[in-house]
Structures are given as structure tokens and as C-alpha cells.
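Here's the structure we're looking at; comments come further down.
Residue numbers (my numbering): 2 to 311.
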């Protein structure tokens, strides 16, 4: 399919049971989970199937597990004839996008995101904070509110009327009150362990710099589009992924830019379906689909537009 953007989800899309129906039905998915388990040193399939959710949501486990689930689904599609033009990811999902475009080996990506999760957890323990979704306000209004409160920053520009902010507990409380006073429909605290994509986790940067520099990065093909810089990136991934960690995710701007460039089809690959919903709100004219389990995989196969006959 021409003008196709592949999308990969980030943290928050994990769920007990993710990928398990495909593990039972598809040898490619089984092989991917087995490979990941060997690299990581724990039973990934067991964690996905049994949980509990509290353990699966630990960022040091969530990140490699979600990466493996998304890569497994991508490999099935690739085997079945998927061709795409651009890959993007939401935060952690950028690592999956880099695997899909050949910019990094799956084994290296697993090790890097496991370390990323560990260092983010340490940073969050050293500088406690959280995240909250502000619903119903325009982006500039949320940015202005953040400017007026010490210790809180925009973290994810997700879709029209949905901005996630990161900050300390007291700062989030103050921001929430002011957002409601400014007309926000809701302000929802998110079940995360830290103030990700903010200066509060800067202490993770130095140990991760060494980790990123050890990886052999290649030129992506097909193209990789960064949700941090809102442009195509082909080199400098060690630096980009450090910057990404403490910078906002600009998913809304990325989708708008790609659509304006003529990319009108977006296929989400990975657990959940969060990004598909966001794209529908960002650009209702875009064609969307997702592969997150056996049922949605079959729907994409039946559709006939995404997979080429090999």
C-alpha cells in the first residue's frame, strides 16, 4: 500500500494477555517472544499471560515486553507482505519503529529499552512525580498554564484537546485546579511511576548515553519520523533518544505533518489501539487500521489493501 505510515504504541498500552492469542496461533510470534526471553533473562510470555498487571506495569519490565509484543506483530505482517513508507512511534514506540526500519537490531533494542526502563525508574525514585492528562483545552492554553506553575511541563501533545503534563505531585495538583478553572473538561492522573518526558528524570541521561553509544545504529529504510523533532531522522539516534527522554512527545504535530505530506493511511501495530483513536481525532479524513491481536490481524488480512501477495 502506498502512502502508509506504520505506528507503534508506547507505555500505557500494555495489558495482561497481550500477544498471547498470536503466540498460540503463530510461530513467528512464538519465536519473537522466545528470542526476547533469552535476551532479557526472564519468561516474557509468562509475564504477558499471567501478569499481574502491577508487575507488567513496572517501567523496567513494561518497556522490553511492549517492544517485543509490537515487534512480533510487525514480523507477522512483514512476513505476510506488508510494505510501508514511514514509521513513527509514541515515546517507547520509537524504538520499535527503529527496529521496523532496520535502524537497530531487535536484540540491541531489547537491551537498551530494558536499561532505559531501569534508569527511568531510578530517576523517578530520586525525583518523585507523576503525569496527568488535561482534556478539553487547546495546546497553547495548557502550555501557558504550565509556564505559570513551577515543577510541571507539557509531556505529550496527543490530539486536539488532549495534552499530558508531567511534574511533581504538588505542581500537578496546582495545575489541575487552574486547568479546571480555565475550562478543562477533566484532568486525569495517569497510573505511571514518574514524571516522564520532563526535566525530573534528567538523572537517567548520563547512564543511558553510554548505553546508546554502544549500539550500532544504521540508516533507516523505510524512513523514520521522529515525534520529538517532528521531522525525518536518519542519523544521530544516540543523541536523539536522549533528548526524547526529557522532551515532549509531539504526536499530534507529527500526524498532521505526515498527512499534509500526502500520507493518508495509518496502521497501528502493537497492543491496544490508543494511537488509532488519536489519529482519528487529529485527522478524521485519514484511513486507519490496527493490528493488536489475532482478530485485528485477520481483519487487516481480509482488507486486502495492506499486504502484498508475495
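Glycine included, C-beta positions come from ideal geometry on N, C-alpha and C. All values reported here derive from a predicted model rather than from experimental measurement.
Of the residues the options, the one placed nearest residue i, counting alpha carbons only
{"i": "residue 143", "options": "127, 178, 171, 110", "result": "178"}
{"i": "residue 6", "options": "257, 282, 120", "result": "257"}
{"i": "residue 50", "options": "286, 214, 31", "result": "31"}
{"i": "residue 11", "options": "165, 75, 93", "result": "93"}
{"i": "residue 116", "options": "155, 128, 211", "result": "211"}
{"i": "residue 40", "options": "272, 196, 58, 113", "result": "113"}
{"i": "residue 34", "options": "87, 103, 107", "result": "107"}
{"i": "residue 260", "options": "300, 87, 245", "result": "87"}
{"i": "residue 346", "options": "278, 47, 46, 66", "result": "Residue 346 lies beyond the stretch modelled for the chain, which goes from 2 to 311, so this question has no answer here."}
{"i": "residue 89", "options": "263, 102, 56, 82", "result": "102"}
{"i": "residue 130", "options": "148, 82, 166, 13", "result": "166"}
{"i": "residue 192", "options": "134, 280, 8", "result": "134"}
Classification of residue i by the beta-carbon crowding that lies within 10 angstroms, buried from 16 upward
{"i": "residue 73", "result": "buried"}
{"i": "residue 240", "result": "exposed"}
{"i": "residue 28", "result": "exposed"}
{"i": "residue 284", "result": "buried"}
{"i": "residue 305", "result": "exposed"}
{"i": "residue 311", "result": "Its pLDDT being 37, under 50, residue 311 is placed unreliably by the model, and the measurement read from it follows with that caveat. Exposed."}
{"i": "residue 236", "result": "exposed"}
{"i": "residue 244", "result": "exposed"}
{"i": "residue 269", "result": "buried"}
{"i": "residue 228", "result": "buried"}
{"i": "residue 80", "result": "exposed"}
{"i": "residue 46", "result": "buried"}
{"i": "residue 26", "result": "exposed"}
Identity of the residues DSSP links to residue i by a beta bridge
{"i": "residue 89", "result": "8"}
{"i": "residue 132", "result": "167"}
{"i": "residue 290", "result": "268"}
{"i": "residue 227", "result": "232"}
{"i": "residue 308", "result": "83"}
{"i": "residue 155", "result": "166"}
{"i": "residue 210", "result": "Residue 210 is not bridged to any residue."}
{"i": "residue 187", "result": "136"}
{"i": "residue 160", "result": "163"}
{"i": "residue 250", "result": "157"}
Cα-Cα separation, residue i to residue j
{"i": "residue 95", "j": "residue 233", "result": "12 Å"}
{"i": "residue 206", "j": "residue 118", "result": "12 Å"}
{"i": "residue 125", "j": "residue 160", "result": "26 Å"}
{"i": "residue 221", "j": "residue 100", "result": "9 Å"}
{"i": "residue 200", "j": "residue 173", "result": "15 Å"}
{"i": "residue 303", "j": "residue 188", "result": "39 Å"}
{"i": "residue 42", "j": "residue 290", "result": "34 Å"}
{"i": "residue 75", "j": "residue 215", "result": "25 Å"}
{"i": "residue 37", "j": "residue 184", "result": "46 Å"}
{"i": "residue 127", "j": "residue 121", "result": "10 Å"}
{"i": "residue 18", "j": "residue 52", "result": "8 Å"}
{"i": "residue 54", "j": "residue 22", "result": "18 Å"}
{"i": "residue 219", "j": "residue 308", "result": "26 Å"}
{"i": "residue 176", "j": "residue 153", "result": "8 Å"}
{"i": "residue 104", "j": "residue 225", "result": "9 Å"}
{"i": "residue 181", "j": "residue 202", "result": "27 Å"}
{"i": "residue 223", "j": "residue 248", "result": "25 Å"}
Cβ-Cβ separation, residue j to residue i (assumed contact under 8 Å), whole Å
{"i": "residue 138", "j": "residue 168", "result": "At roughly 16 Å, the Cβ-Cβ gap does not stay under 8 Å, so residue 138 and residue 168 are not in contact."}
{"i": "residue 158", "j": "residue 164", "result": "6 Å"}
{"i": "residue 274", "j": "residue 255", "result": "In fact, because the Cβ distance is near 18 Å, the residues do not count as touching under 8 Å."}
{"i": "residue 60", "j": "residue 204", "result": "Between residue 204 and residue 60 the Cβ distance is about 15 Å, and since that is not below 8 Å, they are no contact."}
{"i": "residue 132", "j": "residue 156", "result": "6 Å"}
{"i": "residue 57", "j": "residue 68", "result": "About 13 Å; that fails the 8 Å criterion."}
Interface flag, residue i vs chain C, CB-CB below 9 Å
{"i": "residue 283", "result": "Looking at the structure shown, chain C is missing, and only one protein chain is on hand."}
Contact test: residue i Cβ vs the ligand NAD heavy atom, cutoff 8 Å
{"i": "residue 251", "result": "Inclusion of the ligand NAD in the displayed structure is not the case, the ligand content being empty and no account of it being possible."}
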